[in-house]
Amino acid sequence: MIKNLKKLVKFIIWSILSMITIIPIYWMFVVSTRSPVELFGKPDFSPTFFEKIYWKNFTKPFVDGVYAEYLWNSIIVASCNAILVTILAIMATYALSRWKLAASENIFFWTMTNRMAPPAAFLLPLFLLFSIVFRYDDVSLFDTKLGLILLYCVFNLPFAIWLLKGIFDGIPRELDEAVLIDGGNYFTIIFRIIIPQAAPGIAITALLSWIFAWNEYLLAATLTSVYARTIPTGLAEFVTTTGTNWGAMAAVGFVSMLPALVFISLVQRHIVSGLTFGAVKG
Amino acid sequence: MKKLFLSVFASVTALTAVAGGHDAFWKSAGQPYKGVTLQGVTENTPPGQFVSEVLAKDFEKLTGIKVRLETTSWDQMYDKAIKDMEANTGIYDFVYIEQDIIYSYLDRDFLVNISEGLAANPKLQAPNVDFDDFTTFINYFKNGKGDVFGVPMEAFIKVYLYRKDLFENAEARAAFRARYGYGLEPAKTFGQYRDNAEFFTKFCADQGMDCWGTTVQGHTGHPASTYELLETIFPSFGVYNWGINMDNYQASVENGGQLNGGRAKAALRFWTGLLDFAPPEALQSTWSEVGASFAAGRAAQGWVYGENAAWIATDEERSRVVGNVGVALPPTAEGVMMQAASGNGYIGYFDGGAFGIPHSSKNKEATMLWLQYLGQNEVQADWAIAGGRITHKATYSDPKVVAVDAKADAYFTLMRDTGYLFAGAPPYPFHGAGRAAIDPFIFKALAGELTPEEALDQAAAAVDELMKELEYAE
């Protein structure tokens with residue numbers, strides 16, 4: 080009886096938690112299916128069936144508008160950034176984890192300081208760097224995908240190093256030594272030992288870097304104009320003085336979630352193990 | 012018959028020659044700049060979208076000059092344009108200038124003098140563009156000498172919208188007369204407005220309708236509410252220029268201003284009192300939500316920016332009240348209409364914007380061509396229909412515009428005939444700072460944390476202090 084009661088309470092708690100998570104997404108989808116005139120008045124939570132979906136919310140931004148381009152820009156920026164950050168973080172973390180560098184603790188701490196100030200504090204200096212300092216003739220980093228890819232490294236790399244440090248520290252050094260004795264070099268260690276051993280952690284590092292880059296708004300809004308605009312900055316365009324296009328905004332928001340959902344579903348089995356890998360190292 | 016044929020032939024030939032001549036001008040004038048890309052920034056509104064999707068493409072076909080227009084949110088638009096001009100980065104070749112910010116831009120020497128630019132380079136002067144063709148709204152973009160710094164791309168007046176179906180409802184009319192002792196009509200006085208608001212709030216509730224008596228642009232954390240008070244409610248009560256004395260830039264009564272004067276306090280009391288008869292979203296409503304509330308049929312009347320009037324009245328996809336929208340002049344206090352008619356006051360807000368060329372632009376000459384292209388009579392009618400905006404005198408009589416006007420309860424006609432009664436923001440270079448000083452007190456009055464009297468006394472003191480800090484006053 081008590082066991083059943085416990086199960087029931089557990090079920091209710093998890094149901095409530097799931098609802099809290101799912102309702103905003105469901106609501107966003109419902110809004111994306113409604114015409115502008117249906118959206119005002121009493122909120123209506125009922126689902127819209129396929130034949131009643133107001134497709135213009137999807138077609139106008141993506142087919143007639145520029146949102147397909149924004150989506151593509153987001154995919155390029157987030158994916159390239161995640162790859163670059165992961166590669167650099169593996170190299171840097173291995174060095175920090177294995178070698179007694181002079182003031183290595185300070186280097187680690189210094190790296191982390193990049194995450195301490197809010198990104199808004201960097202906005203104006205970055206704007207000047209991108210548009211004036213890093214400029215040759217008419218070419219600058221402003222409004223380029225390359226600019227965003229490099230910029231997000233500044234914020235994602237410290238996080239990735241911090242995440243991987245504990246994981247790499249948890250891999251026995253004896254394995255490294257065995258490879259060296261067998262005639263291998265440091266690249267052999269990284270590719271044959273570290274990466275396979277830390278695969279779940281590396282996957283979660285790449286995933287989180289990707290998500291941070293995918294969702295970032297503030298820097299992208301300031302440092303892009305027409306050629307490298309990403310999906311989050313495009314969402315802001317729906318809020319205007321003549322009204323907010325809620326339906327299209329929800330549709331674009333919903334579509335922009337899909338790549339992230341696909342990406343997460345591909346690596347989800349690594350997420351828990353990745354986050355806890357090395358956590359029990361005593 | 013032969014005469015008629017010849018006359019038609021001659022007219023067609025002449026028109027073709029003129030059109031061809033204009034095409035020839037754009038082609039030859041654009042030749043030196045072929046391949047150049049002009050970059051601009053504007054708000055993502057229907058007039059901006061029309062520029063981006065239609066006019067920019069036509070201009071490129073004709074001249075070979077590419078135009079990339081970034082359409083973004085209102086705050087981002089300002090943030091990016093100002094950063095660009097302050098840092099002299101030259102990212103943008105043209106920027107949107109709202110009527111109320113031009114004085115700050117001119118004060119900081121951000122903009123290129125277009126009149127001087129064209130006079131210095133007659134080759135760039137388009138034969139079919141004349142700044143005199145614009146409505147008087149272009150005057151807001153001129154300096155003291157009459158030189159133009161911005162080519163208007165949108166202009167609206169803030170009007171009084173009401174629900175014709177509700178006001179003409181026989182049951183409502185009878186009930187109103189029984190309760191108030193006079194006939195139900197769109198408001199001409201504030202007393203009438205309040206009675207209408209109170210009446211329809213109860214009437215809608217009794218009828219089980221999801222509607223209230225009035226909209227209020229009463230966001231408690233957004234400057235839109237301060238703007239509604241200063242630019243819409245105040246002038247209709249006879250308080251002009253935000254209640255700031257233009258001679259000594261002081262706001263409090265004791266220093267010669269009117270911000271905390273009797274009329275201003277009456278205006279704020281009236282306006283905050285309307286919240287009792289407004290839909291629940293009123294305290295979160297900026298300019299866009301007010302339009303959306305009205306379009307959704309949630310209010311019987313309200314002050315609505317004219318850029319929304321046309322779509323609310325005509326666009327069935329976005330509005331539930333198509334066919335039932337009445338457009339009229341807003342109510343005014345006694346004597347205000349006469350003051351406005353004589354040029355000594357105004358009854359509401361004339362809103363809009365223009366495209367100007369930042370000094371940091373790297374393609375000033377090509378941009379002058381582009382802005383003139385936007386200033387042609389020939390492109391105005393379709394633009395007016397797409398964006399509900401009119402900047403040229405001739406646009407009002409275009410048959411396409413006349414047809415839309417008929418569906419929008421003669422909003423365009425009202426704008427043409429009574430536009431002179433409205434005014435833009437006063438020429439304050441301290442516009443942003445001044446408004447920000449007033450904001451918190453208006454927000455508190457709306458939230459009920461301060462009485463209207465307390466709010467305006469404190470706001471006036473804050474403005475006086477700010478003017479001293481900014482050295483506009485001693």
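Protein sequences, first through last, are from chains X and G.
Its first residue numbered 80, the first sequence is counted upward by one per residue in this note's numbering.
Its first residue numbered 12, the second sequence is counted upward by one per residue in this note's numbering.
The beta carbon of each residue, even a glycine, is placed where N, CA and C say it ideally should be.
Q. When burial is assigned at 16 or more other CB atoms within 10 Å of the CB, is Asp206 (chain G) buried or exposed?
A. buried
Q) Among residues of its own chain, excluding the 5 on either side of Ser63 (chain G), which ones have a beta-carbon nearer than 7 Å to its beta-carbon? A) Leu80 and Thr82
Q.
Taking the alpha-carbon of Leu279 (chain G) as reference, which of G:Ile453, G:Ala344 and G:Thr100 has the nearest alpha-carbon?
A. G:Ile453
Q.
Let me see if you follow: with CB-CB separation under 8 Å, is Thr127 (chain X) close to chain G or not?
A. no
Q) What three-state label does DSSP hand Ser219 (chain X) in the structure shown? A) strand
Q) In its own chain, which residues sit with a C-beta less than 7 Å from the C-beta of Phe206 (chain X), not counting the 5 before and 5 after it? A) Thr301 and Leu302
**Q.** Under the three-state DSSP convention, the category Met349 (chain G) falls into
**A.** helix
Q. Would you call the stretch 159 to 167 of chain G and the stretch 356 to 372 of chain G touching, i.e. three or more CB-CB distances under 8 Å?
A. yes
Q) For chain X, is any of its Cβ atoms less than 8 Å away from the one on Ile102 (chain G)? A) yes
Q: Could you check if Gln312 (chain G) is buried or exposed, using at least 16 other CB atoms within 10 Å of its CB as the buried criterion?
A: buried
Q: Could you tell me whether the Cβ atoms of Val162 (chain G) and Ile125 (chain G) are closer together than 8 Å?
A: yes
Q) Under the rule that 16 or more other beta-carbon atoms within 10 Å means buried, what is Ala436 (chain G), buried or exposed? A) buried
Q) Where does Leu26 (chain G) land, buried or exposed, given buried means 16+ other C-beta within 10 angstroms? A) Any reading at Leu26 (chain G) needs caution, since the residue's pLDDT is 45, under 50, leaving its predicted position unreliable; the model's value is listed next. The residue is exposed, with fewer than 16 neighbouring Cβ atoms inside 10 Å.
Q: Say whether chain X places a C-beta atom closer than 8 Å to the C-beta of Trp298 (chain G).
A: yes
Q: Following the continuous beta strand (DSSP E) through Leu49 (chain G), name the residue where it begins and the one where it ends.
A: Thr48 to Glu54
Q) Does Glu316 (chain X) have its Cβ less than 8 Å from a Cβ in chain G? A) yes
(Q) Which residues in chain X have a C-beta closer than 8 Å to the C-beta of Arg184 (chain G)? List them in chain order. (A) Near Arg184 (chain G) there are no residues of chain X at all, since even the closest Cβ is about 25 Å away, more than 8 Å.
Q: With DSSP collapsed to three states, give me the class of Gln261 (chain G).
A: coil
(Q) By alpha-carbon positions, which one of G:Gln50, G:Ser39, G:Ala35 and G:Lys38 ends up nearest to Pro369 (chain G)? (A) G:Gln50
Q. How big is the Cα-Cα spacing for Thr112 (chain X) and Asn374 (chain G)?
A. 43 Å
Q) Beta carbon of Ile149 (chain G), beta carbon of Phe160 (chain G): below 8 Å? A) no
Q. Does any CB atom of chain X fall closer than 8 Å to the CB of Trp394 (chain G)?
A. no
Q) Where does Gln312 (chain G) fall in DSSP's three states? A) strand
Q) Using a C-beta to C-beta distance shorter than 7 Å, which residues of chain G count as neighbours of Pro115 (chain X)? A) Glu328 and Arg329
Q. Of the residues G:Leu172, G:Ala405, G:Asn256 and G:Ala456, which one's Cα is nearest the Cα of Val301 (chain G)?
A. G:Leu172
Q. Going by Cα to Cα distance, which pick from G:Leu457, G:Asp287 and G:Ala392 is closest to Glu209 (chain G)?
A. G:Asp287
Q: Measure the C-alpha to C-alpha separation of Lys13 (chain G) and Ala421 (chain G) and round it to an integer number of angstroms.
A: Low confidence applies to Lys13 (chain G): its pLDDT is 49, below 50, so where it sits in the model is not reliable, and the reading given next is rough at best. Approximately 41 Å, taken between the alpha carbons.
Q: Taking Arg177 (chain X) as part of the alpha helix (DSSP H), name the residues at either end of that continuous run.
A: Tyr146 to Arg177
Q: List in chain order: all unbroken alpha helix (DSSP H) runs of 4+ residues lying wholly within the stretch 197 to 257 of chain X.
A: 202 to 207 and 224 to 248
Q. Asp362 (chain G) bridges to which residues according to DSSP?
A. G:Phe167
Q) alpha helix (DSSP H) containing Thr303 (chain X): first to last residue? A) Taken as a continuous stretch (DSSP letters only), Thr303 (chain X) belongs to no alpha helix (DSSP H), as it is neither H nor E.
Q: Taking a Cβ distance cut-off of 9 Å, strictly less, list which residues of the stretch 299 to 326 of chain G are near chain X, in chain order.
A: Ser299, Glu300, Gly302, Ala303, Ser304, Ala306, Ala307, Gly308, Arg309, Tyr316, Glu318, Asn319, Trp322 and Asp326
Q) Based on the DSSP secondary-structure assignment, which residues constitute the bridge partners of His403 (chain G)? A) G:Phe145
**Q.** Per-residue burial, Asn152 (chain X) [other beta carbons within 10 Å of its own, 16 or more giving buried]
**A.** buried
Q: Tell me, please, whether the CB atom of Leu207 (chain X) is closer than 8 Å to any CB atom in chain G?
A: yes
Q: Check each candidate in G:Leu270, G:Ser247 and G:Phe248 and name the one with the smallest Cα separation from Met257 (chain G).
A: G:Leu270
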